[in-house]
Amino acid sequence: MKRRNFLIATGVVGVGFVGLRILTRKNSANKTVAPEATPAPAIPGYGALVKDKDGILHLPEGFSYKIISRKGEKMADGLLLPGLPDGMAAFAAANGKVIVVRNHEISPISVPLGAFGEKLELLNVLSPSDFYDFGKGKNPSMGGTSTFVYNEETGVIEKQYLSLAGTNRNCAGGRTPWNSWLTCEEDVATKKDNIEKNHGFVFEVPASIEIARAKPEPIKAMGRFNHEAVCVDPKSGIVYLTEDRPDSLLYRFIPNEKGNLHAGGKLQALVVKDAPARDTRNWGENGAADFLSNTPVAVAWIDMDNVEAPDDDLRQRGFKNGAALFARGEGVWFDKNEFYFACTSGGKIQKGQVFKYALSADEGNAGETAQPAHLELFVESTNPDILKYCDNLTVSPWGDLMLCEDDMHPFLVGVTPQGELYHFAEGAKYQTEFAGACFSPSGKTMFVNIQGEGLTIAITGPWKQAV
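Its first residue numbered 2, the sequence shown is counted upward by one per residue in the working numbering.
So this is what it looks like as structure tokens:
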């Protein structure tokens, strides 16, 4: 049995024990001799979690956390810090400072969670042109992004401000190699009544140490659908996109001009070679065969048309043309020549899957037909006590994945490159998901959000060395 499957099946995860494996051996006369004690294989992770005296976040011994921001705080631009923080990414700034761009998954009806006060009394701090959707001044979209500048030496946010306004339910996204954040709308509201624009797009937010509002211009060529997250291949500039639907697809966007996504490009959907319309969810519906773990399969890509999809049918048209199905594609993160993405409700018990995509040596070009990329089911939960509803994820500096659970009793779950799972943190006090896990450029600090409570937390401690 593969070690990852053994760990999941038996519930051995992050227990931090050091044991002995007793071996018997034979001498030359084939007689049993004294047993030999040898160290057990190292257990992944950082050991048992230590209960937090404040009951907020349980962490391994030697680690500590600090709440660095809370929803409703007054920001440097005169607005209030929005609630429901979600996906984030960190960028290096001058003098060792860290810039973090942070999503806020807020819908228009959630006015008290927005940046403008409970009765929109701060709405006039911005001009209508700062908004993607001003909602005629009556129903402005409350989502968007905030940016904060963090001093890693003092552990203090020195400045925070609203960096994108007027979008809906900014769930996750992804950083670019040219120091910007791509923020994704997990919403497909259409223009009607007091909604001025169609939603369901990706927007780009520069990582700026100075107060700056991103131009609220959707990248429409990247498709209109229930976006979740993106990652970017730094070599080619290709963007990979997930979709949060039970019958979602995996997309990629090949830009006409690397680093200039507004210059247009081609949107495609992933197909499993020799298995059109492959169902990877392992739900057993319609007699679908299991998508086996640890078994890379060759893939190809098909072009999508009418990508602004006024009928929100992009995924259905893609599946009809042979694209593979996934169960709620969520967090995605690029790591060297591969990327990982989570499917929150995938697997036989519908508690989550993590896939790994290994790029072709000629990714995005004609040569990938002969040297195709490969897709692998890296982890599938069979025990919710170990992994449930994986959502946002990041790759740590030492190569482990860190998964945020979208659950009322969430954990941060680590996954080694070999597929071994461990619990790194436990949310104890607040019944709401973890979101936005990411590391500072130095690797000293892990940032994560406690979403429903509107908290952003910095975690420090004896991290493993970068690989």
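We treat Cβ as the ideally placed atom computed from N, Cα and C, and that holds for glycine.
Pick from R253, I57, A367, H200: whose alpha carbon is nearest that of M305? R253
Given a cut-off of 8 Å on the beta-carbon distance, is the pair D194 and G330 in contact? no
From D280 to I158, what distance separates their C-alpha atoms? 45 Å
What runs of the beta strand (DSSP E), each 3 residues or longer, lie entirely inside the stretch 321-397? 330-336, 339-344, 354-359, 375-381, 391-396
Step through the CB atoms of chain C and report whether any lies within less than 8 Å of the CB of F135. Among the chains of the structure shown, chain C does not appear; only one protein chain is present.
Coil, strand or helix - N125 by DSSP: helix
Whole angstroms are fine: how far does the CA of G46 sit from the CA of N283? 28 Å
I'd like the span of the beta strand (DSSP E) that includes Y423, first residue to last. 422-428
Could you give the first and the last residue of the continuous beta strand (DSSP E) run that contains R71? 65-71
Let me check understanding here. Comparing Cα to Cα, which of P411, K274, G156, K67 lies closest to P373? K274
Is any non-hydrogen atom of the ligand HEM found closer than 7 Å to the C-beta of F202, if you look at the structure I gave you? Among the ligands in the structure shown, none appear at all, so the ligand HEM cannot be discussed.
State the Cα-Cα distance for the pair A426 and G265, rounded to the nearest angstrom. 41 Å
Please state whether the Cβ-Cβ distance between G260 and A459 is less than 8 Å. no
Excluding the 5 residues preceding and the 5 following D78 in the sequence, name in chain order all residues of the same chain whose CB lies nearer than 8 Å to its CB. V126, Y162, L163, I212
Compare the Cα-Cα distances from K456 to each of F440, G462, A436, K465 and report the closest residue. It should be pointed out that residue 456 corresponds to Leu in this sequence rather than to Lys. The shortest Cα separation from L456 among F440, G462, A436, K465 belongs to A436.
Beta-bridge partners of M89, as assigned by DSSP: R103
With three or more beta-carbon pairs closer than 8 Å as the criterion, would you say the stretch 95-114 touches the stretch 147-156? yes
For the beta strand (DSSP E) that contains T148, what are its first and last residues? 144-152
With distance defined between alpha-carbon atoms, name the residue in P398, A362, T370 nearest to S441. P398
Under a three-way DSSP split, which group does K193 fall into? strand
Where does A215 sit, in a helix, a strand or coil, going by DSSP? coil
Runs of beta strand (DSSP E) wholly within the stretch 257-296 (minimum 3 residues, chain order): 266-273
Run through DSSP, which three-state label would I158 get? strand
Cα-Cα separation between G224 and T184, rounded to whole angstroms: 13 Å
When the Cα of S147 is compared with those of C439, G175, A116, P61, which residue comes out closest? A116
Same chain, Cβ closer than 7 Å to G546, neighbours up to 5 away in sequence not counted: Shown here, the chain extends from 2 to 468; a query on residue 546 therefore has no answer.
In the DSSP assignment, what residue or residues form a beta bridge with V449? I458
Would you kindly report the start and end of the unbroken beta strand (DSSP E) that includes A230? 228-233
If you draw a straight line from the alpha carbon of E62 to that of D55, how long is it in whole angstroms? 15 Å
By the three-class DSSP mapping on this structure, what secondary structure does A41 have? Because the pLDDT at A41 is just 47, under 50, the model does not fix this residue reliably, and the value given afterwards should be weighed accordingly. In the structure shown, A41 sits in coil (DSSP, three-state: anything other than H, G, I, E or B).
L378 and L293 look like a contact to me (Cβ under 8 Å); what is the Cβ gap, rounded to whole Å? 7 Å
Kindly identify the DSSP beta-bridge partner or partners of M403. T395, G415
Among the candidates K192, A173, V206, K160, whose CA atom is the shortest distance from the CA of S181? V206
With a threshold of 7 Å on Cβ separation, who are the neighbours of V300 within its own chain once the five nearest residues in sequence on each side are excluded? L271, V272, V273, K274, P373, A374, H375, L376
Inter-residue Cα distance where the pair is A90 and R176: 6 Å
Below 8 Å, can you find three or more Cβ-Cβ pairs linking the stretch 71-85 to the stretch 131-147? yes
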